[in-house]
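Visitor: Residue numbers (our numbering): 1328 to 2015. Just so it is clear, CB atoms sit at the ideal spot from N, CA and C, and this is done for glycine as well. Quantities reported herein were computed from a predicted structural model and do not represent experimental measurements. Structure in structure tokens, see below.
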């Protein structure tokens, strides 16, 4: 029975297979009968950077791919699948781009589309003309623009000029052969026909004018010597101290007349309308040499004005000052006359050879003494750095910042262990040391870390009154600020005495070690004032102090921008008290950094802005740790919606107690509701 069942199943399967018919999918007539691609087109996207880069995206109905012929002479087309694109860099011009679209049936369609590549004219063209510092005939040109490929510059000094082509970032030099005003034209090229141009004028002048620095190699400094005086312009043989310029004037006074000297005629009259102080750097072989500076009318030397000063330093540069404030400005002065040692016949020796430089007008007489901070940047001051023990100091350019002037000290080989430098002849006023302000700071650039730097202050009229302290450098070949606390004096030296006067400072590098030609730079000699503290008066203007009010029982005090800058209070910041629901005594308390001194001033004042007349204001002071030790006064406002200055009489306060907290309560006895009617402004809490 089982076998019969299996046989029946097999017969049934054979019958089913015999009844099936095979279906074939080999009909391709749809492909051969289909249409060719239609409506061929192309999208051209041209980048706006004047590179000529074009993105071509062909499209059409029924196209599977395309051949793109670029129309620029390229014979091999680019094969592009449907939905894709191809990029091509073109020169500026008009091109016929041929498209061949291929359908899946192999049928093709062609179309030609015109492509116009036109470069964008450069934009935002600008250029800079910079005059050379040493050659008055030489300029430099740099240019910038958007969408440019290059620049051409025409300097405007010759006919049929061939321009100089350059790129952005390049510097083009030009030296003119004659003085005059020239039109400089810069043309920005786009890579095609589009251009943009800009013109500027430059005046090439080469007169001798103030200030006279001798640095120009093109200027003719025509000094006319007379009666034994002879001036020449030479390379600076003494590039030290306060004058490291390349070229200087040299006066050699030989036998002739006691008034032998030299003069130079300037290119224009001197303008004394604003500046009437002459300055001139002089290198003299001796102290006490007389230097006369005179100005004259070039046609009438009877119209003249002169001043004579004496040198105070030998074999070093010093900046002499000639006060012309009494000059008659109605006259015309164009000649500058120099006479060294008027009244003495020269002999042409080194003793009668002087260097001079930087003849200039200013409007400020130098201070006879320096004031803190000392920064070495004021050209109207003379920084007389007085060395001792083998130190050698001068004012130079900051090695880390060319726009900054600093002091440079060389502790020369063999210098004493205590070699140092005194800063001028002292300060104009005493250093304001106080119990909470005993520090000075100096920025220092040291060749090594771990070097001891000593700072000493003293009474310039009595050098037995002094105090010294040390700091150690922590970095090498970098600027750091060393802070010297004179409350911590060096062992074996005098302690700081606040009853004494300290108005002179000296600095010692690598103190305790003999010199070995180590170079130090230093700057910004400052007195460090006491740090700001939270104390009366309270004006809420500080951005560093923490006005940390502690609010209680509904009172809420904060510091805000003054919303009522009017009347007696136009300050930027004020306190605001909002009294909300809580207790009738809701208010705020502020703890000060030190107790209030009521020994002499026993009246407190406070400005208040109230929403109404008759509001009660209580001002209270408390002991820092014991609220039971307190004193208070309450006054009533008399002005609504306006500032008034309230007075609180503390004349009966017990000055034996210590009071360090300030408490404010508005409308004591009434619970606030946080509304505008319970919002008060306050400011300028102070003693009188």
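Comparing C-alpha positions only, which one of 1902, 1942, 1895, 1879 sits nearest to residue 1916?
Guide: Closest option to residue 1916, Cα to Cα, is 1879.
Visitor: Tell me which residues share the same chain as residue 1751 and place their Cβ nearer than 6 angstroms to its Cβ, disregarding the 5 neighbours each side in the sequence.
Guide: Correct list, in chain order: 1697, 1711.
Visitor: For the candidate residues 1383, 1415, 1654, 1648, whose alpha-carbon lies nearest to that of residue 1632?
Guide: When only C-alpha atoms are compared, the closest one is 1654.
Visitor: Helix, strand or coil: which one does DSSP assign to residue 2004?
Guide: Three-state result, residue 2004: helix.
Visitor: Tell me which same chain residues have a C-beta within less than 6 angstroms of the C-beta of residue 1434, skipping the five on either side of it?
Guide: The answer, listed in chain order, is 1363.
Visitor: Nearest to residue 1512 by alpha carbon, out of 1528, 1520, 1500?
Guide: Closest by alpha carbon: 1528.
Visitor: Going by DSSP in three states, residue 1678 sits in which element: helix, strand or coil?
Guide: Note: residue 1678 maps to helix in three-state DSSP.
Visitor: What are the start and end residues of the beta strand (DSSP E) that includes residue 1576?
Guide: Start and end: 1574-1580.
Visitor: Only counting runs of 3 or more residues, tell me where the beta strand (DSSP E) segments fall wholly within the segment 1399-1423, in order along the chain.
Guide: The qualifying runs are 1405-1408, 1413-1416.
Visitor: Which one of 1424, 1365, 1400, 1572 has the shortest CA to CA distance from residue 1383?
Guide: Of the candidates 1424, 1365, 1400, 1572, the one whose C-alpha sits nearest the C-alpha of residue 1383 is 1424.
Visitor: Within 10 angstroms of the Cβ of residue 1377, are there 16 or more other Cβ atoms? Answer buried if so, exposed if not.
Guide: Buried.
Visitor: Give a yes or no on contact between the segment 1899-1909 and the segment 1997-2004, applying the rule of three or more CB pairs nearer than 8 angstroms.
Guide: Flag = yes, the segment 1899-1909 and the segment 1997-2004 touch.
Visitor: Could you pull the start and end residues of the beta strand (DSSP E) that residue 1827 belongs to?
Guide: That residue, residue 1827, is in no beta strand (DSSP E); it is neither H nor E in DSSP.
Visitor: Where does the unbroken beta strand (DSSP E) through residue 1991 begin, and where does it stop?
Guide: It spans 1988-1993 - the beta strand (DSSP E) in which residue 1991 sits, taken as one unbroken run.
Visitor: Once the 5 residues before and after residue 1753 are set aside, which same chain residues still bring their CB inside 7 angstroms of it?
Guide: Excluding sequence neighbours, residue 1753 sits near 1696, 1787, 1830, 1831.
Visitor: Answer yes if the segment 1859-1874 comes into contact with the segment 1963-1971, meaning at least three C-beta pairs across the two stretches below 8 angstroms, and no otherwise.
Guide: Output reads no: the segment 1859-1874 does not touch the segment 1963-1971.
Visitor: Quick one: grab the DSSP three-state call for residue 2027.
Guide: Missing from the structure shown is residue 2027; the chain here goes from 1328 to 2015 and no further.
Visitor: Ends of the beta strand (DSSP E) at residue 1904?
Guide: Where residue 1904 is concerned, the enclosing beta strand (DSSP E) stretches over 1900-1906.
Visitor: Can you give me the start and stop residues for the beta strand (DSSP E) that residue 1720 sits inside?
Guide: Where residue 1720 is concerned, the enclosing beta strand (DSSP E) stretches over 1718-1725.
Visitor: In terms of DSSP beta bridges, what is residue 1849 paired with?
Guide: 1734, 1771.
Visitor: Taking the alpha carbon of residue 1982 as the reference point, which residue from 1956, 1972, 1962 has its own alpha carbon closest?
Guide: Checked all of 1956, 1972, 1962; the closest Cα to residue 1982 is 1956.
Visitor: Could you check the C-alpha separation between residue 1837 and residue 1573 for me, to the nearest Å?
Guide: Taking the straight line joining both Cα atoms gives about 32 angstroms.
Visitor: I'd like the span of the beta strand (DSSP E) that includes residue 1969, first residue to last.
Guide: Where residue 1969 is concerned, there is no enclosing beta strand (DSSP E), given that its DSSP letter is neither H nor E.
Visitor: Can the beta-carbon of residue 1615 be found less than 8 angstroms from the beta-carbon of residue 1588?
Guide: Their beta carbons are not under 8 angstroms apart, which means residue 1615 does not touch residue 1588 by this criterion.
Visitor: What does the alpha-carbon distance come out to for the pair residue 1743 and residue 1762?
Guide: In a straight line, the C-alpha of residue 1743 is about 34 angstroms away from that of residue 1762.
Visitor: Buried or exposed: where does residue 1843 fall if 16 or more other Cβ atoms within 10 Å of its Cβ makes it buried?
Guide: By the 10 Å Cβ count, residue 1843 comes out exposed.
Visitor: If you count every other CB in all the chains shown that lies within 10 Å of the CB of residue 1976, and 16 or more means buried, which is it?
Guide: Classification of residue 1976: exposed, given that the 10 Å Cβ count is below 16.
Visitor: Could you tell me the alpha carbon to alpha carbon distance between residue 1800 and residue 1737, rounded to whole angstroms?
Guide: Approximately 16 angstroms, taken between the alpha carbons.
Visitor: Excluding the five sequence neighbours on either side, which residues of its own chain have a C-beta within less than 6 angstroms of the C-beta of residue 1806, listed in chain order?
Guide: Within the same chain, residue 1806 has close Cβ partners 1770, 1772.
Visitor: Does the contact criterion of 3 or more C-beta pairs under 8 angstroms hold for the segment 1573-1584 versus the segment 1658-1675?
Guide: Yes, the segment 1573-1584 is in contact with the segment 1658-1675.
Visitor: Taking residue 1453 as the reference, which of 1478, 1429, 1440 has the closest Cα?
Guide: Among 1478, 1429, 1440, the Cα nearest to that of residue 1453 belongs to 1478.
Visitor: Quick one: using the 10 Å Cβ neighbour count with 16 as the cut-off for buried, is residue 1495 buried or exposed?
Guide: Exposed, because fewer than 16 other Cβ atoms sit within 10 Å of the Cβ of residue 1495.
Visitor: Does the distance between the C-beta of residue 1389 and the nearest non-hydrogen atom of the ligand GTP fall short of 7 angstroms?
Guide: Among the components of this structure there are no ligands whatsoever, and the ligand GTP is therefore not found.
Visitor: Here's the rule I'm using: 16 or more other beta-carbon atoms within 10 Å means buried, otherwise exposed. How should residue 1406 be labelled?
Guide: By the neighbour-count rule (16 or more Cβ atoms within 10 Å), residue 1406 is not buried but exposed.
Visitor: With DSSP run on the structure shown, which of helix, strand or coil describes residue 1886?
Guide: In this structure, residue 1886 counts as strand in the three-state DSSP scheme.
Visitor: Pick out whichever of 1946, 1394, 1919 has its Cα sitting closest to the Cα of residue 1913.
Guide: For residue 1913, the nearest C-alpha among the options comes from 1946.
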